[in-house]
Every structure is written in structure tokens, then in C-alpha cells.
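Accompanying notes for the structure given below.
In the numbering used here, the protein residues as written are 218 to 743.
Written out as C-alpha cells, the structure is:
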């Protein structure tokens with residue numbers, strides 16, 4: 218028995234009118250009867266497409282400000298009736314219910330209404346009821362009914378109808394039904410998330426995560442892993458909003474590292490460059506302009522920067538682009554790029570250049586999630602920032618004005634480095650970064666060692682850690698980590714404090730003549 222189902226009657230009810238007239242006209246030319254509601258009906262009539270208003274089809278008027286128009290047995294019976302089932306067909310005939318073979322619905326723009334900052338009542342009025350009900354009914358009966366919820370699928374249906382003499386295949390109807398259920402699921406997720414926010418519930422009893430496929434990726438972190446990039450619709454500037462001006466397709470690792478780089482660069486107000494490798498910074502610096510910041514960031518660890526990601530918090534200019542082009546770089550991301558920068562990068566065909574249109578707000582609240590076996594870990598975004606007046610000096614010596622500036626800079630960078638994190642900074646530039654070690658003292662030593670390696674490669678007489686400040690993402694559990702930093706040449710320390718051995722660590726700092734401040738805030742990043 219053939220799985221082909223001819224389309225003789227269609228119902229349209231769409232908020233997004235893109236492609237509506239062309240699709241409806243295609244159907245009308247094939248003698249498909251078209252039913253429609255409200256604004257959709259008017260748009261089709263104005264375009265000269267024959268259409269029957271749903272109220273005329275059901276014999277029941279739209280009412281309650283349009284809240285009730287498709288909630289009627291002649292609509293839902295036409296969608297749900299099982300073709301070939303004698304009892305269903307008898308009931309449909311007795312009550313004058315005509316089969317509906319194609320449903321075309323896109324929902325009230327609830328997500329867009331919320332994004333515009335509409336008031337509570339306006340958001341509630343943009344919760345679609347009839348649309349999801351029809352979509353779910355048509356999708357359940359996909360054996361006979363074709364359901365379309367995305368404008369992108371109009372062409373696919375027209376192509377198949379042309380090839381199948383006005384019918385669709387079961388394979389297509391199954392695919393469209395799955396797409397439709399995903400759409401209503403995402404729609405309900407958006408509504409539930411909005412309600413939770415309105416109620417001040419950070420962690421409601423149930424949470425639904427939804428996203429729309431942006432692109433399939435060649436593979437994940439490794440070639441044997443499949444991967445894809447989904448977007449939520451949130452307009453935070455970054456990889457989800459970026460336009461790619463040139464270069465190869467972005468990989469899973471590119472996207473992950475580029476996100477890390479851009480979020481770090483967004484932490485700072487002055488011209489700043491962050492260079493990232495494997496989601497950790499290998500150099501961060503501020504400067505009078507972007508090109509000087511880039512040179513300083515690169516000097517921190519030029520070996521690790523090879524094949525890395527560069528993020529800047531200012532529009533890219535030609536001079537900076539030319540400097541970046543001197544080293545192999547995978548991705549460059551910036552809020553914008555001028556013609557000279559674009560021209561300079563054009564010579565590097567494989568380099569991906571992304572522009573976001575703006576910088577991310579580091580203070581913005583949000584959520585992060587991580588999958589674990591059998592569930593998810595949710596937490597609020599780490600948007601914590603420590604101000605100068607919140608620092609507590611715990612040593613005999615108070616940091617100098619420049620040391621204080623560098624300490625705050627170092628602690629902001631620290632938030633974006635995998636734990637255990639140790640960051641050496643001098644004059645607004647990282648000069649040594651130790652990341653992801655099981656022992657904090659090892660992070661201190663590695664950062665100092667990398668600083669010496671960079672100094673030796675540059676022919677400098679001493680490493681940048683001499684006369685630097687140092688930040689630790691969590692407290693020093695013992696004095697050894699602090700002593701390692703002192704041995705590397707650090708003169709001031711910033712750390713959360715809160716260890717059982719704080720007194721021992723403070724005494725060690727005083728003995729070495731170090732200044733130290735406590736933040737009271739930790740920045741673990743796993």
C-alpha cells in the first residue's frame with residue numbers, strides 16, 4: 218500500500234508571512250482548498266489567492282479577541298480523523314467534518330515579544346494556544362497530515378508535491394512532525410523560562426533546555442565524536458551573533474575557544490586583547506591602543522599563542538591585523554573590523570574572521586549548564602567582580618596604586634583560567650599564567666617557568682615576573698604557593714582568603730615584604 222497522501226485541503230495560520238503567498242498560490246494552482254484565519258486570510262485575499270475563512274468553514278465566529286478561532290471540532294476533527302478508519306469517517310461525515318491534509322502554522326512571536334522587553338500582559342497575549350494545539354494534532358496524525366511550522370520547509374513540500382502528483386510521502390511527514398513537536402517543545406520552554414524569571418525562580422521544579430540548529434560540525438573535540446552548534450536566540454554578543462567574514466568553517470574547538478576568548482576580552486574597558494589556546498588564556502593585555510595591547514599579550518607566551526584564538530574589545534584596524542597575520546592564528550573575533558583590517562586578513566585564506574557588532578556585558582546575569590551522567594548541573598553565571606573599595610589589605614605593606622590596578626586586572630583574568638589558576642601581571646599585561654594544575658604551588662611554578670622561557674626567547678635580561686603582582690583564583694591552602702610567587706619576583710598578591718592557614722600565609726607575605734589583599738570572592742573554573 219502506498220504511503221503517498223494527496224493534499225486537497227490546507228489550513229494556514231501564520232504570524233511570519235515570509236513566503237506565504239508563493240506557497241499558497243502554488244497550492245491553489247493545484248486545486249487545493251485553502252482555509253485561513255485573521256491576518257493570514259487577509260494577506261492571501263489581498264494577493265488574489267482564493268481562500269475560505271476558518272469562521273466560514275466552521276460556522277462559528279472568531280471571538281474573545283481572537284483567542285478562540287481554530288478551537289473547533291471541524292478543525293481538530295479534520296486534522297485528527299484517521300483516514301480509512303470506518304468509525305472515524307462515519308463520525309466525520311455525520312458532523313460535516315472535512316479532512317485537512319496540510320497544516321501550515323507558525324506561532325505567535327512570544328520569544329520576540331519577550332526579547333523586546335514587552336510588559337507582562339503583552340507577553341501573556343502572545344502565548345499561542347490554538348497554534349500549538351493544531352500542530353500537535355496534525356503531528357500526531359502524520360500518517361495522513363502534513364504539518365509545516367518553519368518557512369524553510371515550504372520549498373521542500375512544494376518540491377515533493379511536484380514530484381508526487383500533489384502528494385507527500387510518509388518519510389517527509391514523519392520528519393515534519395518531529396520538527397513540529399520540537400518547535401512546540403521549544404515554545405513551551407520559552408514560556409516556562411519567562412514565567413520562572415517573572416516569579417524570581419532561579420531553579421524551578423522542571424527546566425527545559427532548547428536550541429535551534431545553527432550548523433552541523435565536521436566533528437567534536439576529536440574526529441570520532443559527532444557535533445553540532447545550537448543557538449538559543451539570546452542576543453548576547455559573541456559567537457552566536459557573529460558574522461564570519463572569511464576563513465574555513467569553524468570547528469567545535471574553534472567555537473569553544475573563541476567563546477572563551479571573547480568573554481575574557483569583554484571583561485575590560487580599556488583596549489584589550491586576549492589570546493586563547495585550549496580555552497585558557499596564554500596572554501592578556503591592555504594598552505593605549507589595540508596593536509600595543511596585542512603585542513604585549515603575545516609577549517606573555519608567544520609559543521603557546523601559535524594556532525590560537527585572538528579576541529579584541531575594539532574594532533580591528535589595519536595595523537593590528539598586520540601584526541596578527543605575522544603568526545599563525547585560527548580565529549580572530551572583534552566587535553568590528555575596518556576595510557584595512559579585512560584587506561590584511563584576506564591574504565590568510567584559512568583564518569576565520571568574526572565580527573559581533575558589540576561586546577558582551579560581563580555583569581549580565583545568566584545560567585551555565587554541564588551534562589553529567591543522568592542529568593545536568595545548572596549554575597548562575599560567574600559575573601562576580603571585585604571593586605577597589607572591596608579589597609581588604611591583610612599585610613603590613615599596602616599595595617601601591619599601580620600594584621592595585623594590576624591586582625584587579627589579574628583577578629579579572631583569573632576568572633577565565635582553569636583552576637588551579639595563578640596569574641602574574643605587570644603594567645596591565647599578563648607575564649605568566651599557570652592553569653589547570655592539581656596543586657596551586659605547581660601553577661605558581663609553571664607560570665614563573667613560562668615567564669622565564671618567554672624572556673629568554675625575547676633576549677630579555679630577566680623574566681616579566683620580576684616586579685609583578687600575582688593573583689590566585691582561590692585561597693593558598695599553604696604558604697608554599699605564595700613563597701613560590703615571591704621567589705618568581707612578585708611584590709603583591711590578590712587572593713580570596715578564607716583558608717584555615719590564612720595567618721600562616723599572611724605571616725609569610727610579611728616576612729617577604731609582600732603586599733596582599735583578600736577579595737572574599739573565589740573564581741574556580743573547572
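Where is the CB? At the ideal position from N, CA and C, for every residue including glycine.
Between residue 720 and the set 694, 704, 740 and 701, the nearest pair of CA atoms involves 694. Here residue 325 carries a coil assignment [DSSP, helix/strand/coil]. Here the alpha carbon of residue 559 sits roughly 15 Å from the alpha carbon of residue 527.
Residue 645 is positioned such that its CB atom lies no closer than 8 Å to that of residue 505. C-alpha of residue 225 to C-alpha of residue 362: approximately 11 Å in a straight line.
Counting every other CB atom within 10 Å of its CB across the protein chains shown gives residue 657 a total of 16 or more, marking it as buried. Between the beta-carbon of residue 511 and that of residue 550 there is about 13 Å, and that puts the pair past the 8 Å contact cut. The alpha carbon of residue 488 has as its nearest neighbour, out of 635, 529, 524 and 239, the alpha carbon of 529. Residue 639 sits close to residue 661, with the two beta carbons spaced by under 8 Å. Straight across, the Cα-Cα distance linking residue 314 with residue 288 is about 14 Å. Annotation for residue 375: no beta strand (DSSP E) segment contains it, though the alpha helix (DSSP H) segment containing it runs 371-380. Ranked by how close their Cα comes to the Cα of residue 595, the residues 553, 426, 367 and 271 have 426 in first place. For residue 494, there is no enclosing alpha helix (DSSP H); the residue is found in the beta strand (DSSP E) stretching over 489-494.
Across the set 575, 359 and 353, the C-alpha of 359 shows the shortest separation from the C-alpha of residue 223.
The DSSP assignment places complete alpha helix (DSSP H) segments of no fewer than 4 residues inside the stretch 671-706 at 696-705, in order along the chain. In the three-state reduction of the DSSP assignment, residue 542 falls in the coil class. Per DSSP, reduced to three states, the secondary structure at residue 408 is helical. Beta-bridge partners of residue 432 (DSSP): 446. In this chain, the alpha helix (DSSP H) harbouring residue 629 covers 618-631.
Between the stretch 453-465 and the stretch 564-582, the count of C-beta pairs closer than 8 Å reaches three or more; the two stretches touch.
When beta bridges are read from the DSSP output, residue 270 appears opposite 253.
Relative to residue 232, the option among 714, 327, 462 and 633 whose CA is nearest is 327. Separation of the CB atoms of residue 603 and residue 628 is rounded to 6 Å, and the pair is thereby assigned contact status at 8 Å. DSSP places residue 500 within a strand segment (E or B) once states are collapsed to three. No Cβ-Cβ contact shorter than 8 Å links residue 652 with residue 630. Here the alpha carbon of residue 278 sits roughly 5 Å from the alpha carbon of residue 272. For the options 524, 496, 492 and 523, the alpha carbon positioned closest to that of residue 513 is the one of 492.
Residue 609 is not a Cβ neighbour of residue 623, given a cutoff of 8 Å. Where residue 516 is concerned, the enclosing alpha helix (DSSP H) starts and stops at 507-517.
The criterion of a C-beta distance shorter than 8 Å is satisfied by residue 691 and residue 741.
Contact check for residue 732 against residue 647 fails: the beta carbons are separated by 8 Å or more. For the 8 Å CB-CB criterion, residue 316 and residue 348 do not form a contact. With contacts defined by Cβ atoms closer than 8 Å, residue 516 and residue 675 form a contacting pair. Residues 692 and 694 of the same chain have their beta carbon placed closer than 6 Å to that of residue 716, with the five preceding and five following residues left out of the count. Rounded to the nearest angstrom, the gap between the Cα atoms of residue 430 and residue 381 is 29 Å. With a threshold of 16 other beta carbon atoms within 10 Å, residue 706 meets it and is buried.
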